[in-house]
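Residue numbers (the working numbering): 184 to 308.
Note that the Cβ used here is the ideal one computed from N, Cα and C, for glycine as well.
Inspection log for the structure reproduced underneath, given as structure tokens.
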């Protein structure tokens with residue numbers, strides 16, 4: 184998917200296409216997660232569609248639920264969904280940042296020194 188460190192830097196058009204693809208993957212992850220949250224609030228809390236969307240979106244966005252869950256199952260779902268949402272945020276950020284970080288590292292030809300695992304700025308061999 185990415186060019187090897189001995190290869191030349193990818194053209195800007197290739198980089199932008201790669202960035203758009205990563206954005207699509209991150210957006211799909213967020214939409215699937217939002218759908219799971221909506222269905223969970225519908226199932227466990229019997230909320231209307233708009234209220235289920237609002238609570239799921241607020242949790243996925245890191246704000247917290249609008250309404251406190253009323254049932255024990257709803258509270259368990261909301262807690263687990265909040266933990267899941269925090270991880271989805273980190274993963275989505277990583278997916279979006281991966282092409283940018285790769286391009287920066289490729290531009291500087293960052294490679295491990297002598298197999299010790301530490302990063303270096305040495306030129307490619």
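Distance, residue j Cα to residue i Cα
| i | j | result |
| --- | --- | --- |
| residue 190 | residue 222 | 46 Å |
| residue 188 | residue 289 | 6 Å |
| residue 308 | residue 283 | Residue placement at residue 308 is poorly supported in this model, since its pLDDT is 46, which falls under 50; the coordinates are not used for a value here. |
| residue 254 | residue 229 | 10 Å |
| residue 234 | residue 279 | 29 Å |
| residue 249 | residue 214 | 19 Å |
| residue 186 | residue 277 | 19 Å |
| residue 341 | residue 200 | Residue coverage of the chain in this structure runs from 184 to 308, which leaves residue 341 outside it and unanswerable. |
| residue 130 | residue 237 | Any property of residue 130 remains undetermined from this structure, which presents the chain solely from 184 to 308. |
| residue 273 | residue 260 | 20 Å |
Of the listed residues the options, nearest to residue i (C-alpha basis)
| i | options | result |
| --- | --- | --- |
| residue 210 | 198, 200, 275 and 267 | 275 |
| residue 153 | 285, 287, 286 and 281 | Any property of residue 153 remains undetermined from this structure, which presents the chain solely from 184 to 308. |
| residue 262 | 192, 186, 220 and 232 | 220 |
| residue 247 | 266, 231 and 232 | 266 |
| residue 204 | 184, 194 and 252 | 184 |
Cβ neighbour criterion (16 or more within 10 Å) applied to residue i
| i | result |
| --- | --- |
| residue 291 | exposed |
| residue 264 | buried |
| residue 196 | exposed |
| residue 271 | buried |
Assumed close pair residue i, residue j - CB separation to whole angstroms, cut-off 8 Å
| i | j | result |
| --- | --- | --- |
| residue 227 | residue 257 | 4 Å |
| residue 217 | residue 243 | 6 Å |
| residue 240 | residue 224 | Not really, about 10 Å apart at Cβ, beyond 8 Å. |
| residue 286 | residue 198 | 6 Å |
> Along the chain, which unbroken stretches of the alpha helix (DSSP H) at least 4 residues long are found entirely within the segment 233-295?
Replying inline: Runs of the alpha helix (DSSP H) inside the segment 233-295: 255-291.
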